[in-house]
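Single-structure report; data block below.
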DNA sequence: CCCGAGCCTGACAACGTTGTCCAGGCTCTA
DNA sequence: TAGAGCCTGGACAACGTTGTCAGGCTCGGG
């Protein structure tokens, strides 16, 4: 569970600052102890407070706040005035409780700091915004437990829907939530053991085309460095690699494939191993952006030129010498498609779960077109 | 205001899917119409439902759910069983209403897709997580109205605190919220017209040092391309530039300074202008990562070598020819510092607003050390 | 056998909002 | 002038949870 590690108690104690410290401290500005008049100290004014001040009924305030008809201009003015004076703002928690929908959706991804997920997240946010919803973000750090913890926390907040980039491979824990009506779409990787909407890139086809590209430029000894094989995208891309090699009738040596964490040290070692020995690879296909970046660094120090095609586009790839040829996937499109599907679920337009695959695009910039330097 | 543009009504109608379409559709899987037994159709089970099924009182369920003491193992077992069977999950909205704190904080930034904000956001999230809080994210798209709209929407959700990267320059609209107890920290840029905690980088000093670095390498005609001057960071960096030049006794020509949107086309034009004419600049200082990237592209096509120092680090900057010298700021540290300060406000440890300035770091990689090519 | 202490358990109110429904006052018409 | 109908405003319950408090049970000691 999420747990507090400090004295900040998320859902507790409304004791105001000055009381807690035991004595009233008067800082250079008094803002933090200065409360609105007529409000219980430390609490926000409610509609009841507004109604009392304006001399009207509770419901009349509600009507004004929500722009409902049936209020005289004069009454409305009085209410507005009271709202201003008290600094009232409607409590959406209470509203949610009454109405049933929260107008918020959750996005669980691996790491917001990863350049691949930024645009994806932004795209989801834009769609949410267009539908009047807010976005709650969570990073799973590629940890299945943390993913589950986050997802369930979001469900407890009663998000209307969830966009999940799975870290784990078993999502049966989501069944009760989905049954209970939480719209759910998986992105980038499929869900495990449950039937749900999925939006993915054509990882297999993209990788296959990237490797074919290298083969077409005369390479036969081609290395593959990818993420942990339990990650679906990694497995699919590896499958693409194998297929391309097989189709070309090239037997694949075990030493040419390296799967594991994308930690730079591991990748660096893997690349160096492939590039040394009696039969070094003449080209490398990298399984994602982080791997690509590390391999570029290794190749920069390497004596012979080595061809490279990477999965995922990377910024400035065109300015390197040589430019980095990549299989690009459209992160924003993934996010947008998923979010749109989510809202179609909420609309009631969608019935059966579906799997949507977005195409990838080979962008040639030079590194993939280097001939084998034997 | 946030507004729905589709038929998804955020806070309305609990009519389930099959009812809305008017007829019951039976898809290949029945998951979306399949509800839990004993639950009002389309609604989630509540503690009341659990209590009824377990044959206990409401409060007993509450106790079990919250791990409070005073429940017999046997009773607890029965309750747990009912929870499982019904797929109950506590409704945090109701809990929030009762308890007063939401255990969530809001982060309003410019654009989640910008590589500078990803790590910042992630850092805020990590701190929030350590304090048991969730993070709600919003992009202002550098639009003051949208910033305000987002901030107020977050306040209506009763977030416990706000981390804001300001787009606008007047934040008096936040005064009622701060008075009402919403913890608030501004990051990257100071707040306008209100007294609040701020965490910023040393934009002035960083830019000054970057330009000094160019001067030290013999440059005198140095250009500055930055963001719109109304943005605080842009203004500060410009001030750093001016100061460095002034300190060195170099008069600055108007033609050497270009401020405006970071749109590539604008930046490209600005760079080309500085580089042409009778007295072209021999070095350029760029005001942020987006500008730097565009200028690198321009310089790559340029005949003479031109020195470059950019504000903000960029990925792969070390692998370009020459490597890009930058004034790096630590986005994650900005986020972490701000978030920690936010929770200290919530703790009650903090009283007076403060301004915290984080140092920047000059990273030399080659582009800033090119001599002037006159 | 009775009584008090201590442990479980549940009834009830409250959090702040919105939907329902009704009352009272007004206008308009026959 | 009376009755119908409309408009405005407000009382009340409900949303799902938790804090308070009191009642009932068991058990041990007198």
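Protein chains in written order, with the numbering used here: chain A, 1 to 374; chain B, 1 to 374.
Ideal Cβ positions, reconstructed from N, Cα and C, are used throughout, including at glycine.
Everything numeric in this text was worked out from a predicted model, so none of it was measured.
Using 8 angstroms for Cβ pairs, my map puts residue i next to residue j. What's the rounded Cβ distance?
{"i": "residue 183 (chain A)", "j": "residue 342 (chain A)", "result": "5 angstroms"}
{"i": "residue 311 (chain B)", "j": "residue 206 (chain B)", "result": "6 angstroms"}
{"i": "residue 65 (chain B)", "j": "residue 76 (chain B)", "result": "10 angstroms between Cβ atoms; not a contact."}
{"i": "residue 368 (chain B)", "j": "residue 299 (chain B)", "result": "Actually they are not in contact, since the Cβ atoms of residue 368 (chain B) and residue 299 (chain B) sit about 12 angstroms apart, beyond 8 angstroms."}
{"i": "residue 189 (chain A)", "j": "residue 231 (chain A)", "result": "7 angstroms"}
{"i": "residue 211 (chain B)", "j": "residue 245 (chain B)", "result": "7 angstroms"}
{"i": "residue 105 (chain B)", "j": "residue 128 (chain B)", "result": "5 angstroms"}
{"i": "residue 117 (chain A)", "j": "residue 126 (chain A)", "result": "In fact, because the Cβ distance is near 15 angstroms, the residues do not count as touching under 8 angstroms."}
Less than 8 angstroms between CB atoms is the rule here; does residue i satisfy it with respect to chain B?
{"i": "residue 321 (chain A)", "result": "yes"}
{"i": "residue 156 (chain A)", "result": "yes"}
{"i": "residue 380 (chain A)", "result": "Nothing about residue 380 (chain A) can be reported from this structure: the residues present for chain A run from 1 to 374 only."}
{"i": "residue 153 (chain A)", "result": "yes"}
{"i": "residue 338 (chain A)", "result": "no"}
{"i": "residue 235 (chain A)", "result": "no"}
{"i": "residue 373 (chain A)", "result": "no"}
{"i": "residue 35 (chain A)", "result": "Legend: pLDDT at residue 35 (chain A) = 36, less than 50; position of this residue unreliable, no value from coordinates given."}
{"i": "residue 328 (chain A)", "result": "no"}
{"i": "residue 180 (chain A)", "result": "yes"}
{"i": "residue 44 (chain A)", "result": "yes"}
Can you tell me whether residue i sits near the ligand ADP, meaning its C-beta is under 7 angstroms from at least one heavy atom of the ligand?
{"i": "residue 254 (chain B)", "result": "The ligand ADP is not part of the structure shown, which contains no ligands of any sort."}
Which same chain residues end up closer than 8 angstroms to residue i when comparing Cβ atoms and leaving out the 5 residues on each side of it in sequence?
{"i": "residue 358 (chain B)", "result": "199, 200, 201, 202, 329, 330, 333, 334 and 337"}
{"i": "residue 194 (chain A)", "result": "171, 172, 174, 175 and 178"}
{"i": "residue 70 (chain B)", "result": "63"}
{"i": "residue 122 (chain B)", "result": "332 and 335"}
{"i": "residue 47 (chain B)", "result": "58, 61, 62, 65, 88 and 90"}
Per DSSP, what are the beta-bridge partners of residue i in this structure?
{"i": "residue 325 (chain B)", "result": "B:309"}
{"i": "residue 357 (chain A)", "result": "A:200"}
{"i": "residue 258 (chain B)", "result": "B:225"}
{"i": "residue 286 (chain B)", "result": "B:225 and B:310"}
{"i": "residue 137 (chain A)", "result": "A:107 and B:135"}
{"i": "residue 54 (chain A)", "result": "Its beta-bridge partners do not exist; DSSP assigns none."}
{"i": "residue 182 (chain B)", "result": "According to DSSP, residue 182 (chain B) bridges with nothing at all."}
{"i": "residue 362 (chain A)", "result": "A:327"}
{"i": "residue 187 (chain A)", "result": "A:199"}
{"i": "residue 162 (chain B)", "result": "B:106 and B:184"}
So, for residue i: in the same chain, excluding its five sequence neighbours on each side, which residues have a beta-carbon less than 7 angstroms away from its beta-carbon?
{"i": "residue 83 (chain A)", "result": "50"}
{"i": "residue 304 (chain B)", "result": "373"}
{"i": "residue 52 (chain A)", "result": "none"}
{"i": "residue 262 (chain B)", "result": "227, 288, 290 and 291"}
{"i": "residue 377 (chain A)", "result": "The question about residue 377 (chain A) has no answer, for chain A in this structure spans 1 to 374."}
{"i": "residue 137 (chain B)", "result": "107, 112 and 121"}
{"i": "residue 235 (chain A)", "result": "229"}
{"i": "residue 275 (chain A)", "result": "281, 302 and 306"}
{"i": "residue 243 (chain A)", "result": "208"}
Determine whether the Cβ of residue i lies closer than 8 angstroms to any Cβ atom of chain A.
{"i": "residue 355 (chain B)", "result": "no"}
{"i": "residue 191 (chain B)", "result": "no"}
{"i": "residue 87 (chain B)", "result": "yes"}
{"i": "residue 220 (chain B)", "result": "no"}
For residue i, I'd like the list of residues in its chain whose CB is within less than 6 angstroms of its CB, leaving aside the five on either flank, ordered along the chain.
{"i": "residue 215 (chain B)", "result": "248"}
{"i": "residue 39 (chain B)", "result": "Here residue 39 (chain B) scores only 35 on pLDDT, less than 50, and its place in the model should not be relied on; the value that follows carries that caveat. Once the five neighbours on either side are set aside, the close Cβ partners of residue 39 (chain B) are 45."}
{"i": "residue 158 (chain B)", "result": "102"}
{"i": "residue 370 (chain B)", "result": "305 and 307"}
{"i": "residue 192 (chain B)", "result": "169, 170 and 171"}
{"i": "residue 5 (chain A)", "result": "Below a pLDDT of 50, predicted positions are generally treated as unreliable, and residue 5 (chain A), at 38, falls in that range; no measurement from the model is reported."}
{"i": "residue 266 (chain B)", "result": "260"}
Query raised in the report: For the stretch 116-138 of chain A, which residues have a CB atom closer than 9 angstroms to at least one CB atom of chain B, in sequence order?
Result: Listed by position, the residues of the stretch 116-138 of chain A near chain B (Cβ gap below 9 angstroms) are 117, 118, 119, 120, 121, 122, 123, 125, 126, 129, 130, 131, 132, 133, 134, 135, 136, 137 and 138.
Requested in this report: Taking only beta carbons into account, state which residues of the stretch 89-116 of chain A come closer than 8 angstroms to chain B, listed in chain order.
Outcome: For the stretch 89-116 of chain A, which is checked against every Cβ of chain B, the residues closer than 8 angstroms are 89, 90, 91, 92, 93, 94, 95, 96, 97, 99, 100, 101, 102, 103, 104, 111, 112, 113, 114 and 115.
Report task. Using a Cβ-Cβ cut-off of less than 9 angstroms, list which residues of the stretch 286-316 of chain A approach chain B; keep chain order. Result -> From the stretch 286-316 of chain A, only 293, 296, 297, 300, 314, 315 and 316 have a Cβ closer than 9 angstroms to chain B.
Requested in this report: Taking only beta carbons into account, state which residues of the stretch 160-177 of chain B come closer than 9 angstroms to chain A, listed in chain order.
Outcome: Cβ proximity to chain A below 9 angstroms picks out 160, 175, 176 and 177 from the stretch 160-177 of chain B.
Query raised in the report: In chain order, what residues of the stretch 46-76 of chain A put their CB closer than 7 angstroms to some CB of chain B?
Result: Correct list: empty, as no residue qualifies.
**Report entry** Selection of the stretch 257-282 of chain B by Cβ proximity to chain A, strictly under 8 angstroms
**Finding:** Those residues of the stretch 257-282 of chain B placed with their C-beta closer than 8 angstroms to a C-beta in chain A do not exist.
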